[in-house]
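Count the sequence shown with the numbering used here and you get residues 7 to 387, in order.
Take a look at the structure set out below.
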Amino acid sequence: MNNDNSATVIRAYRHGRRGLEAIVEKAADSAGISRAAMIRLLDSPAPSLLEKLFAAARQQRERHFGNRVFLYGFLYISTHCRNRCSFCFYRKTNTRAFRYRKTRAEITDSSRQLARSGVHLIDLTAGEDPCFFTDDENGFDPVIDTVRSIRADTDLPVMASVGVVPDAVLDRLAAAGADWYACYQETHNRQLFDQLRVGQSFEARCRSKVAAKARGMLVEEGLLCGVGETSRDLVNSFNAMARLGADQVRVMTFVPQAGTPMTDYPPASSLRECIAIALMRIAFPGLLIPASLDVDGLAGLRLRLEAGANVVTSLVPPGQGLAGVAQSALDIEDGRRSVKGIAPILRTCGLQPATADQYQNWIAERKRIACFHDRRLAKAC
């Protein structure tokens with residue numbers, strides 16, 4: 007991201023909207039956009055300006071990824087959680103939440119179904135289930151065995167999204183074949199973090215991602231919008247993502263959940279999420295940026311893709327009794343959150359699924375770059 011004191015930003019403030027349009031148009035050709043311009047775009051989303059912003063984001067996506075998108079299958083294997091996140095339907099004390107723990111056979115069946123459908127990755131997700139998060143050194147054995155089993159059964163990469171785990175568990179996840187570790191900060195405003203992730207450590211959550219990268223894993227960082235954050239907060243989070251060296255960055259609109267402290271929180275428009283996606287695409291042109299089906303389902307997919315996303319996440323097989331996250335049942339049992347279900351929308355956007363080899367090659371190249379960066383950093387220290 008460019009510095010706030012650049013001559014381009016000064017001209018933008020001096021000439022108002024026309025100057026901001028010039029910044030956005032320039033972003034289509036040269037990646038990067040100033041912090042000040044980002045804040046103004048988030049605060050004042052004029053339709054004609056957003057059209058230019060989304061077009062610039064799509065141009066950057068095409069430059070780095072062509073018309074190919076990656077597809078992620080989603081397996082929520084346990085809805086039990088020890089935490090009391092104020093925004094989450096599956097918080098420990100929510101009596102309205104449906105709880106389950108999927109068996110190894112159920113997970114195997116679902117992962118094979120997803121693999122046959124054409125997804126490129128299995129996103130293995132769970133709350134911080136008290137059955138795993140125990141003092142027993144073997145507590146995480148079921149998760150480790152599940153990762154190993156999915157790799158053997160499907161030959162697909164696995165993303166482990168199971169909370170803040172001990173470093174020793176990260177070692178075991180990497181050894182079992184997990185390529186990715188996902189652990190969302192939600193916000194880098196510490197006061198807001200404390201309100202959202204009640205009783206949890208901001209630092210521990212940050213450290214877990216650094217530790218995963220040190221073990222050669224790719225890392226996904228994620229944000230919530232519509233939870234009281236300012237535009238400056240979002241841009242600060244973009245900077246934190248850059249410092250982390252995140253490999254996949256995402257933002258999702260908060261959906262109020264029954265039985266939680268935020269159940270009556272005013273619902274937010276998904277437009278702010280899409281602006282954030284476009285800004286991230288311009289700031290991080292070569293990274294993976296998801297369009298999640300968890301917020302608006304298929305109805306919101308096209309806008310997120312037109313904002314520059316290049317991954318479709320939260321594809322869930324029907325008939326498996328699996329839940330989503332923000333919208334636990336949206337478009338699942340009718341089979342719409344599937345590779346087949348999203349195909350018409352991809353075609354409308356001029357996009358098509360990548361091949362499995364293309365995704366594997368991206369992972370290999372990204373790991374090579376990360377390893378090179380880590381060696382240079384070690385020498386500098």
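Don't be surprised by glycine CBs; every beta carbon is placed ideally from N, CA and C.
Exercise. Hey, could you find the ends of the alpha helix (DSSP H) F208 is sitting in?
Key: Counted from its first residue, the sequence shown places residue 208 at position 202. Start and end: 208 to 220.
Quiz prompt | Bridge partner(s) assigned by DSSP for A132 | solution = For the purposes of this step, residue 132 is taken as the residue at position 126 of the sequence shown. S84, per the DSSP bridge assignment.
Quiz prompt | Validate contact between the stretch 169 to 177 and the stretch 113 to 127 using beta carbons, cut 8 Å, 3 pairs | solution = no
Exercise. Check whether the stretch 73 to 91 touches the stretch 129 to 145, taking contact to mean three or more Cβ pairs, one atom from each stretch, closer than 8 Å.
Key: yes
Quiz item: Between the stretch 225 to 243 and the stretch 255 to 271, do three or more beta carbon pairs fall short of 8 Å?
Solution: yes
Self-check item: Top-ranked residue by Cα proximity to R178, from A33, D147, R310
Solution: By 1-based counting over the sequence shown, the position of residue 178 is 172. Residue D147 is the option with its Cα nearest to R178.
Quiz item: Nearest to G314 by CA position, among G205, T160, A33, is which residue?
Solution: As a working note, residue 314 is residue 308 in the sequence shown. Closest by alpha carbon: A33.
Quiz prompt | C94, DSSP secondary structure in three states | solution = The residue you call residue 94 lines up with position 88 of the sequence shown. Coil, per DSSP.
Quiz item: How many angstroms separate the CA atom of I281 from the CA atom of N144?
Solution: The count along the sequence shown starts at 1 and reaches residue 281 at position 275. The count along the sequence shown starts at 1 and reaches residue 144 at position 138. Each residue's Cα considered, the two are about 44 Å apart.
Quiz item: Can you tell me whether DSSP reads K373 as helix, strand or coil?
Solution: Here residue 373 corresponds to residue number 367 of the sequence shown, with the count starting at 1. In this structure, K373 counts as helix in the three-state DSSP scheme.
Practice problem: For P350, name the three-state secondary structure that DSSP assigns. | Solution: Translated into positions along the sequence shown, residue 350 becomes position 344. Helix, per DSSP.
Exercise. Please check the pair V153 and L130, which I expect to be a contact at CB under 8 Å, by giving their CB distance rounded to whole angstroms.
Key: By one-based count along the sequence shown, residue 153 stands at place 147. By one-based count along the sequence shown, residue 130 stands at place 124. That pair is a contact at about 7 Å.
Exercise. Taking D151 as the reference, give the member of E31, V164, G265 with the closest Cα.
Key: As a first step, residue 151 must be located in the sequence shown, where it is residue number 145. It is V164.
Quiz item: How about I348 and V322: do their beta carbons lie closer than 7 Å?
Solution: Residue 348 sits at position 342 when you count from the first residue of the sequence shown. Residue 322 sits at position 316 when you count from the first residue of the sequence shown. Their beta carbons are not under 7 Å apart, which means I348 does not touch V322 by this criterion.
Exercise. Please report how far the alpha carbon of H21 lies from the alpha carbon of V30, in whole angstroms.
Key: Translated into positions along the sequence shown, residue 21 becomes position 15. Translated into positions along the sequence shown, residue 30 becomes position 24. In this prediction, H21 has a pLDDT of 41, which is less than 50 and means its spatial position is unreliable; nothing more can be read from the coordinates.
Exercise. Would you mind sorting P272 into buried or exposed? The rule is 16 or more other CB atoms within 10 Å of its CB.
Key: The count along the sequence shown starts at 1 and reaches residue 272 at position 266. So P272 counts as exposed.
Exercise. Kindly indicate which residue of N316, R372, V331 has the alpha-carbon position closest to the one of Q66.
Key: For the purposes of this step, residue 66 is identified with residue 60 of the sequence shown, where counting begins at 1. Nearest option by C-alpha distance: N316.
Self-check item: Boundaries of the beta strand (DSSP E) in which P296 is found, first to last residue
Solution: Residue mapping note: residue 296 aligns to position 290 of the sequence shown, counting from 1. From DSSP, the beta strand (DSSP E) with P296 extends over 296 to 298.
Practice problem: Determine the burial state of A370: buried for a count of at least 16 other Cβ atoms within 10 Å of its Cβ, exposed for fewer. | Solution: Locating residue 370 in the sequence shown gives position 364, counting from the first residue. It is exposed - the Cβ of A370 has fewer than 16 other Cβ atoms within 10 Å.
Quiz item: Does the stretch 66 to 82 touch the stretch 288 to 300, meaning 3 or more C-beta pairs lie closer than 8 Å?
Solution: yes
Practice problem: Indicate the three-state DSSP secondary structure (helix, strand or coil) for V317 in the structure shown. | Solution: One-based indexing of the sequence shown puts residue 317 at position 311. Looking at V317 - three-state DSSP - the assignment turns out to be strand.
Quiz prompt | First and last residue of the uninterrupted alpha helix (DSSP H) at L357 | solution = By 1-based counting over the sequence shown, the position of residue 357 is 351. Where L357 is concerned, there is no enclosing alpha helix (DSSP H), given that its DSSP letter is neither H nor E.
Quiz prompt | When S298, L285, A305 are compared against L47, the one with the closest alpha-carbon | solution = Here the question's residue 47 lines up with position 41 in the sequence shown. When each option's Cα is compared against that of L47, the closest is L285.
Quiz item: For the putative contact between C189 and K219, defined by C-beta atoms under 8 Å, what is the C-beta separation to the nearest angstrom?
Solution: Residue mapping note: residue 189 aligns to position 183 of the sequence shown, counting from 1. Residue mapping note: residue 219 aligns to position 213 of the sequence shown, counting from 1. Between K219 and C189 the Cβ distance is about 11 Å, and since that is not below 8 Å, they are no contact.
Quiz item: So, are the CB atoms of R221 and L277 less than 7 Å apart?
Solution: Residue mapping note: residue 221 aligns to position 215 of the sequence shown, counting from 1. Residue mapping note: residue 277 aligns to position 271 of the sequence shown, counting from 1. No, they are not a contact pair.
Quiz item: What's the C-alpha gap between R24 and S54?
Solution: For the purposes of this step, residue 24 is taken as the residue at position 18 of the sequence shown. For the purposes of this step, residue 54 is taken as the residue at position 48 of the sequence shown. Going by the C-alpha atoms only, they are around 11 Å apart.
Self-check item: Boundaries of the alpha helix (DSSP H) in which A43 is found, first to last residue
Solution: For the purposes of this step, residue 43 is taken as residue 37 along the sequence shown, with counting starting at 1. It spans 41 to 49 - the alpha helix (DSSP H) in which A43 sits, taken as one unbroken run.
Exercise. Would you decide whether K346 is buried or exposed? Buried here means 16 or more other CB atoms lie within 10 Å of its CB.
Key: In the sequence shown, counting from the first residue as 1, residue 346 sits at position 340. Exposed, by the Cβ-count rule.
Practice problem: Name the two residues that bound the continuous alpha helix (DSSP H) containing M268. | Solution: Within the sequence shown, residue 268 is the residue found at index 262, counting from 1. Here M268 belongs to no alpha helix (DSSP H), and DSSP marks it neither H nor E.
Quiz item: At which residues does the beta strand (DSSP E) containing T259 begin and terminate?
Solution: Position 253 of the sequence shown, counting from 1, holds the residue named residue 259. First-last of the beta strand (DSSP E) with T259: 254 to 259.
Quiz item: Roughly how many angstroms separate the alpha carbons of I295 and T101, rounded to a whole number?
Solution: As a working note, residue 295 is residue 289 in the sequence shown. As a working note, residue 101 is residue 95 in the sequence shown. In a straight line, the C-alpha of I295 is about 33 Å away from that of T101.
Quiz item: Where N195 and R249 are concerned, what is the direct C-alpha to C-alpha distance, given to the nearest angstrom?
Solution: Here residue 195 refers to the residue found at position 189 when the sequence shown is read from its first residue. Here residue 249 refers to the residue found at position 243 when the sequence shown is read from its first residue. Their backbone Cα atoms lie some 15 Å apart in a straight line.
Quiz prompt | Buried versus exposed call for E57 [16 or more other C-beta atoms within 10 Å across all chains shown] | solution = On the sequence shown, residue 57 is found 51 positions in, with the first residue counted as 1. By the 10 Å Cβ count, E57 comes out exposed.
Self-check item: Rounded C-alpha distance that separates R97 from A180
Solution: If you number the sequence shown from 1, residue 97 lands on position 91. If you number the sequence shown from 1, residue 180 lands on position 174. Cα to Cα, R97 sits roughly 28 Å from A180.
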